[in-house]
Structure formats: C-alpha cells, structure tokens
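Shown next, in structure tokens, is the structure this report addresses.
Number of protein chains: 2
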Amino acid sequence: MSDCSTCVVRNRAICASLETDELQLLSNLGRKRTIKRGETLLWEGDPAPVVANIIDGVLKLSVNLQDGREQIVSVMYASDFIGRPFGKESPYRVTAMTDAEICVFSRSSFDSFAKEHPDLQNKLLQRTLDELDRAREWMTMLGKKSATERIATLLVELSDRLTVDGCSLTTLYLDRFELPMDRQQISDILGLTIETVSRQFTRIRKAGIIELPDRRTVIIKDRSRLKALAEIA
Amino acid sequence: MSDCSTCVVRNRAICASLETDELQLLSNLGRKRTIKRGETLLWEGDPAPVVANIIDGVLKLSVNLQDGREQIVSVMYASDFIGRPFGKESPYRVTAMTDAEICVFSRSSFDSFAKEHPDLQNKLLQRTLDELDRAREWMTMLGKKSATERIATLLVELSDRLTVDGCSLTTLYLDRFELPMDRQQISDILGLTIETVSRQFTRIRKAGIIELPDRRTVIIKDRSRLKALAEIA
DNA sequence: GCTAAGCTTTGATTTTGGTCAAAGAAAGTT
DNA sequence: AACTTTCTTTGACCAAAATCAAAGCTTAGC
Chain A
5 MSDCSTCVVR
15 NRAICASLET
25 DELQLLSNLG
35 RKRTIKRGET
45 LLWEGDPAPV
55 VANIIDGVLK
65 LSVNLQDGRE
75 QIVSVMYASD
85 FIGRPFGKES
95 PYRVTAMTDA
105 EICVFSRSSF
115 DSFAKEHPDL
125 QNKLLQRTLD
135 ELDRAREWMT
145 MLGKKSATER
155 IATLLVELSD
165 RLTVDGCSLT
175 TLYLDRFELP
185 MDRQQISDIL
195 GLTIETVSRQ
205 FTRIRKAGII
215 ELPDRRTVII
225 KDRSRLKALA
235 EIA
Chain B
5 MSDCSTCVVR
15 NRAICASLET
25 DELQLLSNLG
35 RKRTIKRGET
45 LLWEGDPAPV
55 VANIIDGVLK
65 LSVNLQDGRE
75 QIVSVMYASD
85 FIGRPFGKES
95 PYRVTAMTDA
105 EICVFSRSSF
115 DSFAKEHPDL
125 QNKLLQRTLD
135 ELDRAREWMT
145 MLGKKSATER
155 IATLLVELSD
165 RLTVDGCSLT
175 TLYLDRFELP
185 MDRQQISDIL
195 GLTIETVSRQ
205 FTRIRKAGII
215 ELPDRRTVII
225 KDRSRLKALA
235 EIA
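Protein chains in written order, with this note's numbering: chain A, 5 to 237; chain B, 5 to 237.
The structure is reproduced here in structure tokens:
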C-alpha cells in the first residue's frame, strides 16, 4: 500500500534494517495516515492495536492523572517508532502535537512479522535501549535541574531533533524553529507550571540568549550560552 | 562454570527463555561473582565490557554530575538484567547498594550468543520495554509528586520488589524490610535533599503509617494509607 | 567503656517555584 | 471590524522544599 522506496524516513526508521524484498512485505502490512494536531492515536489502557513509524510531525506520550493534569514522558519525532510491540496495552496516551504523517501497522501483523525478522527485532531492541537512555536523561533533568536549566535543555534538544521536513540526516542544529507545543505542554514536559515556563522564557530572552518573535518561534542567538545554561551546576 | 540448574533466579531472569541445552551453552559463558556494598561494577563512559544477571542483592544505576551529586536513575533487584548489549558504552555507573551476587557475561560473548537466539533477544526486548515503562513512571513521580508522595511511592515499590533471598515468585508484599540504601541515596533517587527525606519519614511515622525501629528497617503498619499517600492527588 | 566518625534528625531561615489574579495579545467568529 | 475565546505574560503573595547550622544517635575502633 505505502510506497517505502519514496519514504523520507526509510533510512532512519527501523525499516533501515530490512532488505528491499523484506521491506516490500512489511510495506504491504502498513499504511500511511495523517493525524491532526491534538488528535489522539492511542489511549492509555487501550489494547494498543497499532504500532507506527513517524514520517513527519511531532507526537507526545503522556501519563494522564485523575485530576486532568498530565506528565509528558516522551516527545517523538520523524523516524521514531511508536507503540508497544509484543504484549501489554499501551501505558501511555499518544497524541499528535503537530499535524503528523505516520506509517501504521496493526499490532498483530507487525508482531508476527517481527518474530520472523531478527534483524528488525534487534533494531527495535537498540531503539528501545536508546529510548531508555533518553528517558533516564530526562529523569536526571526532573530530579536535579532548576527551572532555567530545564527550559534551556528543552530548547537545545528541540533545535537538535526538529529537522526540516524530517529530511536532515546530518547533525544540523537549527537556530530558528517553531515550537511544536504550547506553554502548557512545555510545563507538562518539564514538570513546571505554565507561569514558571513563561517567566523563564522571558529571563533567557532578556539575557539576549534567545529571541521570541512570536509565541511559537524561537531563535537561538547564543548557542554556547544556552548550552551552558542547560548543563548542570 | 556457573550451575544454572540450581540458580534461584533461573526462572525469572532472561535465562527463562532458554531450553535446557541452550542454557548449558550460556552457562559456559557466564560466571558468578560477588560484589560488595558500595563497589562499582561499571563506570559511565566505560566500554561496558560486561552484562549481568542479578542473582541476589540490590544495585543502582546512576548519573554522576561534575560537582559530585548524583541522580539514581534505576534500582535493580534479583533477576534483573544489567548492562547495555549491542553497541555503545554504559551511560551510567552501576554500583552495588548491598552485598550482591551476580552472573556476569563478557559483552562480546553475550552479544554473539544473543544474536543466535532470537528468543533470548525477544525476552531482552520485552524487559527493556518494561524497564522503559518503569523509567517513565519514575519520570511522572519526579515531575508531579510532592515529597511525601515520593517517599510513600518508594516504600510501596520496595515492599513489592525486595523479595526474601530473591526466592519469592508470588506477589508477596513485605510489611517489614531492610532499606537497601541510606538516606542520601533515597534523596538521590527521589530528587530531594536528605533533610526533606528525613522530615517526611518522621511525618509518615508520626501519622502511624510506618514504624522505623532503626535507620534501616521499615515496618508498614497501614498499607492502604501508605498506598493512598503514594497516589497522586 | 570511651572516643571518633559518620549518619540522621531537628530547627531556623531563605529560596524557588507554585498559586491566585488580572492584564495583554493572538486567533477565530459573526 | 468588533467581539469572543484562548493563550501568554506579569505581578503579588504563599508554600514547599532547599540551605545552613547544630544536636542526637549509631557504629566502629581503640
């Protein structure tokens, strides 16, 4: 259905582990779909009927608490893999933060395909290990960093991971980019309140480290100082 | 070298995915060793020469900052798997919190064994996914919970995961157990200071929810209230 | 048993970030 | 364009946890 040969993330997604003919088989199982900003792909507690590759856009994984608050536990970008293969339901809600394009597989067909392709499974394992490293880095941020340090850390990460149309393979850092999330979502990522986020943005802006031409746009004026702010102590 | 047939974690560790004859092969690659409380098995940035199963005891994974502070990003118990198969160096320091017994494999020999045993790799993937879920639960704690909630959460987790001699397969909750870590380490797990940890212990004790006969022993007097405290809002 | 060293607890004070409230700015609607 | 709604910023005040400081307990060594 989908045509993997023209896929912009073909060489970065887990599909990169497959040979052309295997890719053809997987391709028959998947289908492209678009998903609008704010739309939820998977609900926590769902039997998690699908897994997916992100082709373009930004999605969040969140834990949603009784009282309506949420903690965002991961932000996923182009070429990232979404969902919980083998087993349980999804413990998180998966929601698009921007309009996005994804390549979806039913869990069952993906699982059986993966079982027969150890290379794919190996790739999946390595990705999961990388994701675990990222989660633990984030834990360190939440456990030890101040509000300013958290904002700076997020901006550095975004300028690294937000690629132009999901096309960049190089380690290009963007000095100007659109925030894929609003202030509330930033606070839910960083474990802060929206007011604190706003105040810290103002602080870093007044210090001449960034510019904020409008609510969604960030221009990094002094990357080294921003990176220094993001570091601990 | 090691004799897997008598191993107390044989049915819970990743080895559970192997048939008897395969286990024999793996067994030839591994060797048991003991490790003293405080001893470090792997340093961050190491080429990570080993992976291991925990047979008995408790180990921590930590990120250590320039100024000597540390964030503990995971606490590992009997039957857990330690190390980073396939690829990079260990991003964390791995240190024993109690005297421990582990079953060690050289990374290279484990990697090639795993490559030829998809079942083992599948088990490894599922464990890593579980570990990721745990890390994200911890993130939610660090991002959203108050000091009291964090302490209560840790105590509930410990009473669940600290099994007697690594032997219990049942979902037994311990009402009396030894803390495998000191107050400083608790604060490094929970993202608090040692003083705050101490004050919260006192608070929960005075509320009659726990008893602390000595610095290392915890007796849970009212589990349901402790669990309620651990829940968010 | 006495002393020293290292944890742990408690107290006083300060700081950071949260809460409450209101004003300002964009974006969407009629 | 005027109006509503939503998002963001700013200000005043408050609370939770951090910091600074000192006193109590354990444990270990002599």
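Here a beta-carbon is modelled for each residue, glycine too, at the ideal position from N, C-alpha and C.
Cutoff 8 Å: residue i Cβ touching any chain B Cβ
| i | result |
| --- | --- |
| Ile57/A | Looking at the sequence shown, residue 57/A is not Ile but Asn. It does not: the Cβ of Asn57/A has no partner Cβ on chain B nearer than 8 Å. |
| Gln75/A | yes |
| Lys40/A | no |
| Val67/A | yes |
Neighbour flag for residue i against chain A, beta carbons, 8 Å
| i | result |
| --- | --- |
| Ile86/B | no |
| Val79/B | no |
Proximity to residue i [Cα-Cα], best of the options
| i | options | result |
| --- | --- | --- |
| Gln125/B | Pro89/B, Arg35/B and Gln188/B | Pro89/B |
| Thr38/A | Lys127/A, Leu63/A and Ser191/A | Leu63/A |
| Ser163/B | Ala234/B, Lys148/B and Glu135/B | Ala234/B |
| His121/B | Leu230/B, Gln204/B, Ala20/B and Glu43/B | Ala20/B |
| Arg140/B | Leu230/B, Ile58/B, Val77/B and Ile198/B | Val77/B |
| Gly72/A | Arg16/B, Thr44/B, Lys148/B and Asp103/B | Lys148/B |
| Glu93/A | Glu105/A, Ile59/A, Leu46/A and Ser83/A | Leu46/A |
| Val201/A | Leu230/A, Ile214/A, Thr152/A and Glu215/A | Thr152/A |
| Arg16/A | Asp50/A, Ile58/A, Ile236/A and Asn32/A | Ile58/A |
| Ala82/B | Leu166/B, Ile236/B, Leu216/B and Gly195/B | Leu166/B |
| Thr221/A | Ala211/A, Ile208/A, Pro184/A and Ile198/A | Pro184/A |
| Gly49/B | Gly61/B, Leu65/B and Trp142/B | Leu65/B |
Boundaries (first-last residue) of the alpha helix (DSSP H) holding residue i
| i | result |
| --- | --- |
| Arg203/A | Ile198 to Lys210 |
| Arg97/B | Here Arg97/B belongs to no alpha helix (DSSP H); instead the beta strand (DSSP E) covers Arg97 to Ala100. |
| Val238/B | No answer is possible for residue 238/B: it lies beyond the span of chain B, which begins at 5 and ends at 237. |
| Thr144/A | Pro122 to Lys148 |
| Ile236/A | Careful: Ile236/A lies outside any alpha helix (DSSP H) and carries neither H nor E. |
Spatial distance of residue i from residue j (CA atoms)
| i | j | result |
| --- | --- | --- |
| Glu74/A | Val98/A | 12 Å |
| Ile193/B | Leu29/A | 45 Å |
| Leu159/A | Met80/A | 15 Å |
| Ile224/B | Ser150/B | 20 Å |
| Asp123/A | Glu23/A | 10 Å |
| Leu136/A | Leu133/B | 8 Å |
| Asn68/A | Met101/B | 33 Å |
| Met253/A | Gln130/B | With chain A represented from 5 up to 237, any question about residue 253/A goes unanswered, as that position is not in the structure. |
| Glu182/B | Arg180/A | 52 Å |
| Val108/A | Arg41/B | 47 Å |
| Asp84/B | Phe205/B | 28 Å |
| Arg187/B | Tyr96/B | 21 Å |
Span of the beta strand (DSSP E) around residue i
| i | result |
| --- | --- |
| Asn68/B | Leu63 to Asn68 |
| Lys36/B | Arg35 to Ile39 |
| Leu45/A | Thr44 to Leu46 |
| Ile59/B | Val54 to Asp60 |
| Ser110/B | Ala104 to Ser110 |
| Met80/A | Glu74 to Met80 |
| Arg180/B | Arg180 to Glu182 |
Worksheet item: In the segment 10-31 of chain A, which residues sit with their C-beta less than 9 Å from some C-beta in chain B, listed in chain order?
Response: none
Worksheet item: What residues in the segment 121-149 of chain B bring their beta carbon closer than 8 Å to a beta carbon of chain A?
Response: Pro122, Gln125, Asn126, Leu128, Leu129, Gln130, Thr132, Leu133, Glu135, Leu136, Asp137, Ala139, Arg140, Glu141, Trp142, Met143, Thr144, Leu146, Gly147 and Lys148
Worksheet item: What residues in the segment 87-112 of chain B have a beta carbon less than 9 Å from any beta carbon of chain A?
Response: Arg88, Pro89, Phe90, Gly91, Lys92, Pro95 and Tyr96
Item to complete: May I ask you to list, following chain order, the residues of the segment 193-219 of chain B that have a beta carbon less than 9 Å from some beta carbon of chain A?
Response: Ile193, Leu194, Gly195 and Leu196
Worksheet item: What residues from the segment 217-236 of chain A come within 8 Å of chain B, judged by C-beta to C-beta, listed N to C?
Response: Ile236
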